[in-house]
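> Handing you a structure now.
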Amino acid sequence: MSARLASHRRRAAPLAAALTLAFVLAASSLLAHAQSAPKVVDIPARPGVTQRFLFIAPAAPKAAAILYAGGHGGLQLDPQGNFGWGANNFLVRSRMLFVDDGVAVAVVDAPSDRQSPPYLDGFRHTPEHAGDARAVIAWLREQLHVPVWLVGTSRGTQSVAAIAIALANPGANPGSGPDGIVLTSTILRENRGGDPVTGMNLSALRIPVLVVHNKDDACKLCPVSETDTLMQKLTQSPRTRLMLVSGGTSRGDPCGALAYHGFNGIESEVVHGITAWMLAP
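Now the structure itself:
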């Protein structure tokens, strides 16, 4: 072997080692972000009633989020994971952003006894709705052994707040409630009967609460000017934050999924902000 060739090989060896290390690190990163295939899960919730949700998890989830859509909440999820309604809802269409950030998701449909109109309308404040959520929380904890959060948008915030309050009640099974909640585009006024979120017993919440709102939201039920009132009612929560965003694109109904109300065009910014706050030590 010539001296020149030997010298070339000596110089090339560190480069080859560095390239090998880079490949291994890249492969490890891809593996860390690998995810389970989405699957539809049906679990018993109440006597004769099952609760269906679409479950997706990263390889090593740091937390889990149960996602509650707005509107009437009847996603009409089929066994193959297709949505008959609500595919454009902010949380439904952004579900993979949570997974990419290391958070497993359960996209919740209406339960089996609410699979026709009015779906979740008139049901979100009920003990039965809280019981259905308790079953999903328990299933996720058993499967993943990570903190479980409830995340709602628009009328889904009524579900999340009502469930968390019900499961915080001294009569509830200890530890059956969520580890924290996130309210996005919160219902602050009501036109269908029942309570807006600000009309609920928010002082019962002793878990972290994140509130996310678009300053440009033109939905008459969600005036940004009333978010301060919401925050002031979270008197017992150990950690709270009001995250105000702005911009995006608005199309159609100002209370719709593709308006500012639905964080259209700024989904990544909003979800990354949510997961960063959820996963903060």
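In mature numbering (1 follows the signal peptide of the UniProt record, and there is no 0), the protein residues as written are -34 to -1, 1 to 247. Just so it is clear, CB atoms sit at the ideal spot from N, CA and C, and this is done for glycine as well. Nothing here was measured: the structure is a model prediction, and the numbers come from that model.
1) Suppose contacts are defined by Cβ-Cβ distances below 9 Å. Is V65 in contact with L41 by that definition?
2) Answer yes or no: the CB of N54 versus the heavy atoms of the ligand NAP, is any distance below 8 Å?
3) With respect to the alpha helix (DSSP H) encompassing V237, which residues constitute its N-terminal and C-terminal limits?
4) Taking the C-alpha atoms as reference points, what is the distance between A101 and D8?
5) Please say whether L224 and H179 have beta carbons closer to each other than 9 Å?
6) What's the gap between the Cα of S(-6) and the Cα of E235?
7) Please list the terminal residues of the continuous alpha helix (DSSP H) segment that includes Q198.
8) Alpha carbon to alpha carbon, how far is A70 from Q81? Give it in angstroms, no decimals.
9) In the structure shown, what three-state DSSP assignment does D62 receive?
10) Could you pull the start and end residues of the beta strand (DSSP E) that A30 belongs to?
11) In the DSSP assignment, find the unbroken beta strand (DSSP E) run with T123 in it and report its ends.
12) Does the segment 92 to 106 come close enough to the segment 129 to 144 to have 3 or more Cβ pairs within less than 8 Å?
13) In terms of residue numbering, what span does the alpha helix (DSSP H) encompassing Q109 cover?
14) Relative to the C-alpha of F19, which residue among E94, N157, I173, Q46 is closest?
15) Between G52 and V58, which are expected to be in contact by the criterion C-beta below 8 Å, what is the C-beta distance as a whole number of angstroms?
16) Could you spell out where the beta strand (DSSP E) holding V190 opens and where it closes?
17) Taking 8 Å as the cut-off, does the segment 205 to 219 touch the segment 31 to 38 (at least 3 CB pairs, one atom from each stretch)?
18) Are the beta-carbon atoms belonging to D183 and H91 less than 9 Å from one another?
19) Whose C-alpha, out of Q198, T119, N157, is nearest the C-alpha of T164?
20) Do the segment 230 to 247 and the segment 185 to 203 touch if we need at least three Cβ pairs shorter than 8 Å?
21) Can you tell me which of A30, A128, D219 puts its alpha carbon nearest to the alpha carbon of Q109?
22) For the beta strand (DSSP E) that A70 lies in, which residues bound it at each end?
23) Rank M62, C185, V112 by C-alpha distance to the C-alpha of P220 and give the top, closest one.
24) From the DSSP output, read off the bridge partner residues of R217.
25) Given L154, which residues of its chain have a CB within under 8 Å of its CB, disregarding the five upstream and five downstream residues?
26) How long is the line joining the alpha carbons of E233 and G137, rounded to whole angstroms?
27) Please report the residue range of the beta strand (DSSP E) in which T150 lies.
28) Around the C-beta of R246, are 16 or more other C-beta atoms found within 10 angstroms, so that it is buried, or is it exposed?
29) Cβ of residue 285 within 9 Å of Cβ of I32?
Concretely, from the data shown:
1) no
2) Absence of the ligand NAP from the depicted structure is noted, as is the absence of any ligand whatsoever, leaving it without description.
3) 233 to 244
4) 11 Å
5) no
6) Only weak support is given to the placement of S(-6): the predicted model assigns it a pLDDT of 43, under 50, and the value that follows is read from those uncertain coordinates. If you take the alpha carbons of S(-6) and E235, they lie about 22 Å apart.
7) 193 to 198
8) 25 Å
9) The residue you asked about is not Asp; residue 62 is Met in the sequence shown. Residue state, collapsed to three classes: helix.
10) 29 to 34
11) No beta strand (DSSP E) contains T123, which is instead part of the alpha helix (DSSP H) from 122 to 134.
12) yes
13) 93 to 110
14) Q46
15) 5 Å
16) Note, V190: premise wrong, no beta strand (DSSP E); not H, not E.
17) no
18) no
19) Q198
20) no
21) A30
22) 69 to 74
23) C185
24) In the DSSP output, where bridge partners are listed per residue, R217 has none listed.
25) P162, V163, T164, L187, C188, P189, E192, T193, T195, L196
26) 38 Å
27) 146 to 150
28) The question names Arg, but residue 246 in the sequence shown is Ala. Burial call: exposed.
29) Residue 285 cannot be examined here, being either before or after the span of the chain that is shown, -34 to 247.
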